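Participant: Per my numbering, the sequence shown starts with residue 11, numbered consecutively.
One structure, pasted below without further comment.
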Amino acid sequence: MNGDARVRVRVWDLPTRLFHGALVLLVAASVVTGKLDSVLGPSTLEWHKRSGLAILALLAFRVAWGFAGGTHARFAGFLRGPRALVAYARALAAGSAPETAGHNPLGGWSVVAMLSALAAQAATGLFLVQEDYGFQGPLARHVSGATSDRLNAIHEANFWVIAALVALHLAAVVFYAVAKRQDLVGAMIGGDKRLAPGREGEASRGGGGLLAAAIAFAAAAAVWGLVSLA
Numbered sequence: 011m012n013g014d015a016r017v018r019v020r021v022w023d024l025p026t027r028l029f030h031g032a033l034v035l036l037v038a039a040s041v042v043t044g045k046l047d048s049v050l051g052p053s054t055l056e057w058h059k060r061s062g063l064a065i066l067a068l069l070a071f072r073v074a075w076g077f078a079g080g081t082h083a084r085f086a087g088f089l090r091g092p093r094a095l096v097a098y099a100r101a102l103a104a105g106s107a108p109e110t111a112g113h114n115p116l117g118g119w120s121v122v123a124m125l126s127a128l129a130a131q132a133a134t135g136l137f138l139v140q141e142d143y144g145f146q147g148p149l150a151r152h153v154s155g156a157t158s159d160r161l162n163a164i165h166e167a168n169f170w171v172i173a174a175l176v177a178l179h180l181a182a183v184v185f186y187a188v189a190k191r192q193d194l195v196g197a198m199i200g201g202d203k204r205l206a207p208g209r210e211g212e213a214s215r216g217g218g219g220l221l222a223a224a225i226a227f228a229a230a231a232a233v234w235g236l237v238s239l240a
């Protein structure tokens, strides 16, 4: 169908888009401060810790928003069972996959995979110790040195899991842009997708700003309490 015949439909609420943008920036900051400390100096590890805590708060927000957010931000709106997943994968391979307003079945589970990997990274980071730089994570004092070493090994290995998931995510964005003529990046930035006429009813509903602000405040307070009072 000609793109000019399509209609703009708001599918991503503002809090979801802000979360996505903030997460991209913070993950990039975490990579730079975590991998270039030998070049930029040991003080970057403090910034690495701060970015990790911010990511943890963002993830807590996103989990809550997965139940309270707009239509397509809710887990119930994009997580599908094995049959739907296999059916979509087969249709995609055959070039007949339907265009979805929100996440497609494969994309939905890739979101869960990414959130899970980032949560594991942020959680293990709470217990890390870098003796060479006199650095320790906010909760490192609560575990033994051996446990901290094991968590550090998981933290290092999980980085490559996240890198692989990011690469797959970027590859999917390029594939849908080139092969399917779907601008996923533009939709996430602006909030709108260009869909076929008659699909206006699939617009996102709910996900108000005041509710999002309250959840974000609660998430930040929970992380602050975790590292300050534990």
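We put the CB at the ideal spot given by N, CA and C, even for glycine.
Since this is a predicted model, take the numbers as computed values, not measurements.
Please check the pair D193 and V19, which I expect to be a contact at CB under 8 Å, by giving their CB distance rounded to whole angstroms.
Facilitator: No, D193 and V19 are not in contact; Cβ-Cβ is about 13 Å, not under 8 Å.
Participant: Per DSSP, which residues does K203 bridge with? Please list them.
Facilitator: Looking at the DSSP assignment, K203 forms a beta bridge with V19.
Participant: Is the beta carbon of S214 closer than 8 Å to that of H82?
Facilitator: It is a contact, given that the beta carbons lie within the stated cut-off.
Participant: According to DSSP, is V153 helix, strand or coil?
Facilitator: In the structure shown, V153 sits in coil (DSSP, three-state: anything other than H, G, I, E or B).
Participant: With 16 as the cutoff for other CB atoms within 10 Å, does S154 come out buried or exposed?
Facilitator: Exposed is the call here.
Participant: Using the Cβ count rule (16 or more neighbours within 10 Å means buried), how would you classify V96?
Facilitator: Result: exposed.
Participant: If you follow the alpha helix (DSSP H) that G91 is in, where does it begin and where does it stop?
Facilitator: Careful: G91 lies outside any alpha helix (DSSP H) and carries neither H nor E.
Participant: Per DSSP, which residues does V73 bridge with? Please list them.
Facilitator: Answer by DSSP bridge pairing: none, since V73 is not bridged.
Participant: Within 10 angstroms of the Cβ of P115, are there 16 or more other Cβ atoms? Answer buried if so, exposed if not.
Facilitator: Buried: at least 16 other Cβ atoms inside 10 Å.
Participant: What whole-angstrom Cβ distance do S217 and A132 have, given they're in contact under 8 Å?
Facilitator: Here residue 217 turns out to be Gly, not Ser, going by the sequence shown. Contact flag wrong, Cβ pair sits at about 24 Å.
Participant: Output the distance between the C-alpha atoms of G135 and A189, rounded to the nearest integer angstrom.
Facilitator: Roughly 39 Å separates the two Cα atoms.
Participant: Below 8 Å, can you find three or more Cβ-Cβ pairs linking the stretch 174 to 184 to the stretch 116 to 129?
Facilitator: The stretch 174 to 184 is in contact with the stretch 116 to 129.
Participant: Drop a sphere of 10 angstroms on the beta-carbon of V21, count the other beta-carbons inside from all chains shown, and report buried for 16 or more, exposed for fewer.
Facilitator: Buried, by the Cβ-count rule.
Participant: DSSP state of Q146, grouped into three classes?
Facilitator: Strand at Q146.
Participant: Pick from P25, G44 and F145: whose alpha carbon is nearest that of H58?
Facilitator: Taking only the C-alpha atoms, the option nearest H58 is G44.
Participant: On the three-state DSSP scale, how would you describe Q131?
Facilitator: Residue state, collapsed to three classes: helix.
Participant: Give me the DSSP bridge partner(s) of V139.
Facilitator: In DSSP, V139 forms a bridge with Q146.
Participant: In the DSSP assignment, find the unbroken alpha helix (DSSP H) run with R191 in it and report its ends.
Facilitator: Looking at the DSSP string, R191 is not in any alpha helix (DSSP H), and its letter there is neither H nor E.
Participant: So, is S40 buried or exposed, given that buried needs 16 or more other C-beta atoms within 10 angstroms?
Facilitator: Buried, by the Cβ-count rule.
Participant: Classify P108 as buried or exposed, calling it buried when 16 or more other Cβ atoms lie within 10 Å of its own Cβ.
Facilitator: Exposed.
Participant: So what's F36 in DSSP terms, helix, strand or just coil?
Facilitator: Just to set this straight, residue 36 is Leu in the shown sequence, not Phe. Here L36 sits in helix by DSSP.
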